[in-house]
Structures are given as C-alpha cells and as structure tokens.
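In the numbering used here, the protein residues as written are 902 to 1238.
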Amino acid sequence: SLNFPTFPQFAGATFFNDADELSLLAVRAYNDWHIHDWCGDSGGRLIPCAILPLWDLGETLKELKRISDLGVHAISFPDNPTKQGMPSIHNEHWDPFWKAIIDYDILINCHIGSGDQAPHASSETPISAWITTMPISIVNAAADWLYAPMWKKYPDLRMALSEGGIGWIPYFVERANFTNARHGQWTNVDFDGEQPSDVFNRHFYTCFLDDEAGLELLHHMNEDRVTWECDYPHSDTLWPNCPERLFETTQRLTDEQIDKITHRNALTALRSNVVEEMGGRQNCNVGALRELGKDVDTSPREGLGGAKAEGTGAGDGDRKPITSGDMARLMMGALSE
C-alpha cells in the first residue's frame, strides 16, 4: 500500500508557503518518520511516498539522493507546480530533477487535488457535484503532462495519476490523437512519428477505486499501467469490503489481467518485492491479510464508509443537501482551531 501525506498535504504543500530552513527541516522530519516509523516495520506492506522541498531545487536534489539511499522509489509531486508558485513542468528549471528521478529509479505520483483541483460551481451547489468531478479533474493535468517535453529528453521517466480513475482515459487518448492529427501542423507539437496515446501508454500509470465502466474498456488502455487503489481512510473508500466489490467488477477479466491490476503492475511501478518479503503469495491474499487483522475493528465511523453523519437534518423531510459553501465554512473552522 502506497501512503500519501495528509497533514503536509499532497506533495508537501503545507511547507511551500513558508519556504525557509524550518520548512526544510520539517520535510526531512516527515520523510524520516514516514519511512522509518510508519512504513519501516511493516515488512514491506506499507510503501513510503516521500515529499520534497520543491521550492529549492538544490535541496530537492539532496533530499532525492537521501531518500533513495533509504530505499524509497516514490515521491509525491504537484500535478501543476505553477499553482504552488513554481515553474511549469514545461520549463527547463526541472531538467536536473527529471534526470535525478531517473537516476534513482523513482516514480512520480501526482495525486488529484495537488495542483489543479476540481472547481466549485457555486457556494450553493451541492457538494456531491464537486465530489463527482473530483477524480476526473486530473484530466487537465494529464493533458499538461502529456504535452510536456521531458518524455523526449528523459525516455525512462515514469509518473502516476494517483486516484484519478480510468473510465475517462479511452476518450482522452482518442481525443489527443485526433488533436495531433487534426491540429498538429499548426500547433507545432512533435511526437516524433508517434501518437500521443503511445506516450501516454508508455509513461503514465493510472489508478482506479471503483470503475466498472473503465474495466470494461480496459482493452483501450495499456493494461500493464492500470492499478487498483482503495483510498483508505477517505470517505470514498469501500473498505473493509474492497475485495468483494472489486471481485464483482472484474468478472469479465482474465486471471492474468486481475493479477496485473490488483498487484503486479503496482509492484513493478513501485519497485516492490513485498510478496517475496512476506513469504509468498499465499501470505498476501485477502484471506491471509484479514486473518492478520482479525482483531481490528472495521465498522464504519460517523460520516465515513457510508455511515450517516450527525447533524445533517432533524428528519428525512428536513434534510437539505450539503453545499460547497457548507463545506468551505466547515474547513475554515477546522483550520482555525
């Protein structure tokens, strides 16, 4: 399981606003805690995803070397660094960074909401509208990365669109191919005789939570780059019933395809040998892992796992949709405490 930061925010954005020596120390402290304390004694079951002091390229390269020496092969990176006041991914500023990523064999993970977030239509719009578009919002970042120059310069570079789903991908790459064929002569974008879909299929890993339509369209994707994720402990997660739901949605797939999307692709992307470290596949299946956690309380908590949250209405007839404005006020109150 790859673990993303919460308090530091995705990609460590909490520390970007006060980019000083203290923030640099905080990044290192988080990585040390995350690597050694959180993931260290899990036997490889928990996979670290480091953050970096991206406001300082020199310190970023030092931290990349340091975490690589600790065996880390994944970092969290904003899907659009310009939203954090940094150069765009099209800027040569990042060239030493891309090179180091390859040298240390690291996977770049761009989590939804780490740069270009899904917009709120209005303060009166039900928050369900925003939740619906949240995973798909990464399509803007996907297009930006697809047309970025680093793939030619650094052909071994790899990245993951974390938690973005997969159902939209067939049309996205189809549209990119159409755009290249129809507009390429005047936009001056050169894919060296390839199609945009070739670049996407070679360099981009994708992740889905619950995407039955996407799995039915798997033949339109590179099935070696599709991975499943459970989103625990966020409210989107189907945990503790993730395996049951995933089993329902994979009935049309072959055993080979199921093996790829459930673990093999992820293990390859993250350079993980956890199956061997845990003594073989028989110790890593659903039954074995549930036996290890049989004493853990997996009942849903308030507002999570499909449970009703308190304070959402006096009765069914009085309940009003929670709006974007309601959530904004809730978050502002939480951040002020």
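Cβ atoms here follow ideal geometry from the backbone N, Cα and C, with glycine treated the same way.
Predicted, not measured: the structure shown is a model, and the values here were computed from it.
* To do: Could you tell me if M1051 is buried or exposed, where buried requires 16 or more neighbouring beta carbons within 10 angstroms of its beta carbon?
  => buried
* Would you identify the three-state DSSP class for T1224, choosing helix, strand or coil? => strand
* Asked: Alpha carbon to alpha carbon, what distance is there between T915 and F908?
  -> 7 Å
* Residues that DSSP places opposite N1123 in a beta bridge -> Answer is none; N1123 lacks a bridge partner.
* **Whole-Å CB distance - I1028 paired with G1065, under 8 Å assumed** => About 19 Å separates the two Cβ atoms, so there is no contact after all.
* Please go through the same chain and pick out, in chain order, the residues whose beta-carbon is closer than 8 Å to the beta-carbon of T1128, but skip the five residues on each side of it. => A1061, Y1106, T1107, C1108, F1109, I1162, N1166, A1167 and A1170
* To do: Can you give me the start and stop residues for the beta strand (DSSP E) that T1107 sits inside?
  => F1105 to F1109
* P1141 (DSSP reduced to helix, strand or coil) -> coil
* **Beta-carbon contacts of I1003 that lie in its chain and below 7 Å, excluding the five residues immediately before and after** => Y1055, D1057 and L1058
* Contact set for C1143: own chain, Cβ-Cβ below 7 Å, skip 5 residues either direction -> C1131
* Asked: Is there contact between the stretch 986–997 and the stretch 955–966, where contact requires at least three CB pairs shorter than 8 Å?
  -> yes
* **Cut-off 6 Å between Cβ atoms - residues of its own chain near P1071, not counting five sequence neighbours on either side** => L1118 and H1121
* To do: Can you give me the start and stop residues for the alpha helix (DSSP H) that L1047 sits inside?
  => I1039 to L1047
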